[in-house]
Amino acid sequence: MGSRVLKAISLILIGLVVFVGLDIAYNDGQLSRRYLPPQIFNLSKEADDAIRGKILGELTGDPIEEALEKHLNNRSEIQTVEYLTDELKGSNILESAWNILRWEDEHISYDFSRREPLMRPIPQIITSGRGICGDYTLLTLAILIQMNYTELYAMAITFNESDVGHLTAVIKYGGKFLVVDQHPPVMDLGSYYWYWSVYRLEYLNESPQHIKTATLYRITVENSKKIKVEKAGELEAGDFLKEDYSIRDLDLERVKTKLLSRFKRDYGLIEDPGLQKYGENEAVPPRYSRLYVFKATFPGYAEFYFPEGEDCFVQDLYEKLRNHEKLKDILPSSKAIWIDVTESKGSLVIGLYTATRLDIFQLLIKSLGLFNSQ
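The sequence shown runs 1 to 374 under UniProt numbering.
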């Protein structure tokens, strides 16, 4: 009799573990949390983690490969991002990736309260507007696949200072691996290394971390539209630093020229290099009634620059500048502009000078000494 009771209890416990495991995998554990006491849920979850980690993991292989293949081969999941493809697809994969990062930056926020599962179904990510690194990676890859890009990558990273790793999407453009991780900009491998070890502190006020190793996964779309995920190689810190481009004076000049061109075109402004000298001396130049000086520092952006991504890089800076609260009202009423772009300790410093021109009546008054510019 006692053995039957024990067997029944064992079957119930096994059933609970299986139920919780499936609920976490496919429903983020919502049913288990709702109907099971917290103690039972936690014990069942721990047992499921142990089973999957010790037994199923060894039988079925790499959990990142499995998670990506499961979600990316689910047509009903991946089709939920189809509405974004026309909006975000650029002229090439680099431009498309940059557009995706801008969209994710605006519509998805990091879920610091969650550690697992590694990836949730794509519709849940979009509906909730929240996700962890695995969710961002899955969403980015899904959108790129729907844009008909057939060779993509994911990268699993370990750090010297932490047992917690990181996962991100990666593309290949011009023979280089470029990281597409949650927020603009797209970065080359060297910039990405410095982002974690230096600029993460400036952006997020979080402790710097140094990349130790990274595993690359290749995601390919086969003829049958089946998504295949396989390991493509291992990287160490030195491999990241080999791809570290240093911005040059000629690059800064091109960035300045392209920014000027965008502002002149979109706001009907004329180019006036003399504005910078007057701005530095806090004076108003002749023919103008008012001079506005705006300076902005973009931490790490000199480090993040790479020549192949220059047009996307300029577009990102342009959007950030023109949407700044201090410039929204000034730019439409301005008549002239000048821009200065310099590098300082890995950051990009932009000085923007705009002026409002005097009309004929104001010019007459000013020539008679009756007009006082502020």
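Virtual Cβ for every residue (Gly too), placed ideally from N, Cα, C.
Please read all numbers here as calculations on a predicted model, not as lab measurements.
query: Nearest-angstrom Cα separation, counted from I100 out to T354; result: 32 Å
query: Rounded separation between Y153 and R265 - CA only; result: 37 Å
query: Under the three-state DSSP convention, the category Y292 falls into; result: strand
query: 8 Å CB neighbourhood of H183 in its chain, flanking five on each side removed; result: L101, E104, D105
query: Same chain, Cβ closer than 6 Å to H210, neighbours up to 5 away in sequence not counted; result: N160, S197
query: Helix, strand or coil at L152 according to DSSP, with G and I counted as helix; result: strand
query: Distance, S207 Cα to T80 Cα; result: 36 Å
query: V221, DSSP secondary structure in three states; result: strand
query: Own chain, CB closer than 8 Å to Y267, minus 5 neighbours either side, in chain order; result: L331, P332, S334, I337
query: Nearest-angstrom beta carbon gap, L269 and F294 [assumed within contact, 8 Å]; result: With 8 Å as the limit, F294 and L269 do not qualify as a contact, their Cβ atoms being about 14 Å apart.
query: Residues near T140 by beta carbon distance below 6 Å, same chain, minus five either side; result: I100, A169, V180
query: Helix, strand or coil at I247 [DSSP, three-state]; result: coil
query: Which of helix, strand or coil DSSP assigns to Y173; result: strand
query: Length of the line joining the Cα atoms of residue 398 and K231; result: The structure shown does not extend to residue 398, since the chain is modelled only from 1 through 374, so no value can be given for it.
query: T342, enclosing alpha helix (DSSP H) - first and last residue; result: First-last for T342: 336-344, but that is the beta strand (DSSP E), not the alpha helix (DSSP H).
query: Local Cβ density within 10 Å of D86, reported as buried at 16 or more and exposed below that; result: exposed
query: Residue(s) in a DSSP beta bridge with D188; result: L178
query: For A283, the three-state DSSP class (helix, strand or coil); result: coil
query: Three-way DSSP call (helix, strand, coil) for R115 in this model; result: coil
query: Paired residues, beta bridge with S347 - DSSP; result: S344
query: Three-state secondary structure (DSSP) of K212; result: strand
query: Among E116, T297, E271, D62, nearest to E202 - alpha-carbon criterion; result: T297
query: Presumed contact (8 Å Cβ cut-off) between V341 and V255, rounded CB distance; result: 5 Å
query: Own chain residues within Cβ distance below 7 Å of R114, not counting five before or after; result: I132
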